[in-house]
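Below is one structure; the comments refer to it alone.
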Amino acid sequence: MDELTLPGEKPRNFIDLEKVIAGKNPRLLKVLPGFIIDYLKRIIHQDEVNRMIRENQHLFGLDFLEVVLKEMGARIHVDGIENLSKSNRWTVVANHPLGGLDGMALMGVIGKIRPDIVFPVNDILMNLENLKVLFIPINKHGSNSGNVRIIDETYSSDKAVLYFPAGLCSRKIHGKICDLEWKKSFITKTKLHKRDIVPAHIDGRNSNWFYNLAWLRAKLGIKANIEMLYLVDEMFKQKNKDIRIVFGEPIPYTTFDKRYTDLAWAQKLKDHVYQLSSNPNAKFIV
């Protein structure tokens, strides 16, 4: 269902880079050369993303997600799907290899079984109106009491929570592509709200360009994650590729006792998730 466009009228842009920059830093927009703006529009695929939203703006949540996955030609292969039925109240935690399509694939698979999925995300993703119903805002630095309440209410509910504990997508570390340190908050919430954990491993990698840029940026001491500008471009590079997801057996919340700190438990679970890649039947043994 396309939006009505009058003759000579430009189609509506749902994503408008120049407006975003103007809203954040008007002075920057004035000094940025046109060719830089055009380059940025190209790497965020502004025209393609706007077309996709425009053609499907009447769809929301899982319906919109299904269209996007189809548009991207995602071929999703799943092992251990039965593990999602072994517990009623769980949080799925997974590695974060791609920075876009991995999360959508995870939501697409689980949403077919549990339409009540909820995914904590950053403020940028909260602006995606067609997917917003599937998201709740992450509370960074504990600064927003409203977000804290939403997160606690979600974890205390019976909803199916999905979570990427690393926050950022995987980087190349010592020649191996893996997540950065997993945050401990999901362990803390798991124990507090008595939710089991279903570990999941997602196969995938971004381009060498992405990892090399991340390495160079860190080497130069640049704190801003400039490689993140290329995540949309990286997502489009995944078109028509296979994505394999392995769900491990649910881990009871009572497992996470005082033998280790919440942070240590998080890293042990991260190690277990990577074991699932080669051994889908791996047990969480501590």
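Per our numbering, the sequence shown starts with residue 5, numbered consecutively. Don't be surprised by glycine CBs; every beta carbon is placed ideally from N, CA and C.
query                                                                                                                 : result
Status (buried if at least 16 other CB within 10 Å, exposed otherwise) for N99                                        : buried
Helix, strand or coil at R55 [DSSP, three-state]                                                                      : helix
DSSP three-state assignment for L166, whether helix, strand or coil                                                   : strand
T95: first and last residue of the uninterrupted beta strand (DSSP E) it sits in                                      : 94–98
When K227, A218, T192, F251 are compared against D316, the one with the closest alpha-carbon                          : Outside the shown range of the chain, which is 5 to 290, sits residue 316, and nothing can be said about it.
Same chain, Cβ closer than 6 Å to E253, neighbours up to 5 away in sequence not counted                               : N87
Own chain partners of I140 with C-beta closer than 7 Å, once the 5 adjacent residues on each side are dropped         : V122, P124, I154, I155, T158
Sequence-distant residues of its chain with Cβ nearer than 6 Å to H197 (five each side left out)                      : Y159, S160
Stretch pair the segment 180–187 + the segment 64–73: three plus CB contacts closer than 8 Å                          : no
Selected residue, minimal CA-CA separation from Q271, among E231, A170, V202, R79                                     : A170
Bridge-paired residues (DSSP) for K180                                                                                : I177
DSSP three-state assignment for V122, whether helix, strand or coil                                                   : strand
Assigned secondary structure, P30 (DSSP; H/G/I helix, E/B strand, else coil)                                          : helix
Cutoff 7 Å; reference N54; Cβ partners in own chain excluding five residues on either side                            : N17, F18, I19
Cβ shell of V96 (< 6 Å), same chain only, five flanking positions each side left out                                  : L166, V202, A204
Extent of the continuous beta strand (DSSP E) to which I206 belongs                                                   : 200–206
Strand pairing of I80, partner residues [DSSP]                                                                        : I247
A218 to K227 span [Cα, whole Å]                                                                                       : 10 Å
Residue closest to F214, alpha-carbon to alpha-carbon, out of E133, G84, E238, S91                                    : E238
Reduced DSSP secondary structure (H/G/I, E/B, other) of F260                                                          : coil
L135 and G77 closer than 8 Å at C-beta                                                                                : no
Residues of its chain near R118, where Cβ-Cβ distance is below 6 Å and the 5 sequence neighbours each way are ignored : A164
Environment of G225 [buried if 16+ CB atoms lie within 10 Å]                                                          : exposed
Sequence-distant residues of its chain with Cβ nearer than 7 Å to S174 (five each side left out)                      : N99, H100, P101, I181, C182, D183
W68 - containing alpha helix (DSSP H), residue span                                                                   : Here residue 68 is Phe; the residue named in the question, Trp, does not match the sequence. Taken as a continuous stretch (DSSP letters only), the alpha helix (DSSP H) holding F68 covers 65–75.
Integer Cβ distance of R79 from D246, believed to fall under 8 Å                                                      : 5 Å
Residue range of the unbroken beta strand (DSSP E) whose run includes F139                                            : 139–141
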